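In terms of our numbering, the sequence shown has 54 at position 21, counting the first letter as 1, and numbering is strictly consecutive.
From the three backbone atoms N, C-alpha and C, an ideal C-beta is built for every residue, glycine too.
Predicted, not measured: the structure shown is a model, and the values here were computed from it.
Have a look at the structure below, then the notes.
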Amino acid sequence: MKCRCCGSTNVIKYGKLKSGKRVYYCKDCHRYWVENATFSKYPDSVRNRAVSLVKQGKSVREVSKELLIPKSTIYKWVAKTCDEER
Ligand SMILES: [Zn+2]
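Now the structure itself:
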């Protein structure tokens, strides 16, 4: 198992959700994530586009309008996205 943020293998199983999905914790970048977690109903391409627009300096509000995605969803994506490009 590799960290889905930094790619480190310094990862531990942290616990389990009620749904049975495992939660992992990366000791290197100190992030948690859930196995096979889906961010939302939006495909990765939409998510990546939204995140990259924000990174390019657009405001979340602009991106929200442009891609018709709720602002709260974009905030979640941005928060969960790692700094490294993958
Ligand atoms: Zn990591």
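- If one requires a minimum length of 4 residues, the alpha helix (DSSP H) runs lying completely within the region 45–93 are 77–88, in chain order.
- Look at K35 here: in three-state DSSP terms it is coil, with no helix or strand label.
- Going by beta carbons, L101 and E95 fall outside the 9 Å limit.
- Here the alpha carbon of G90 sits roughly 22 Å from the alpha carbon of Y75.
- Taking non-hydrogen atoms of ligand 1 into account, the C-beta of V44 is found less than 8 Å away from one of them.
- Relative to ligand 1, the nearest heavy atom lies less than 8 Å away from the CB of R64.
- Nearest neighbour of H63 by Cα position, chosen from G53, K104, S78 and I45, turns out to be I45.
- By the Cβ-count criterion, A83 is buried, with 16 or more other Cβ atoms from all chains shown falling within 10 Å of its own Cβ.
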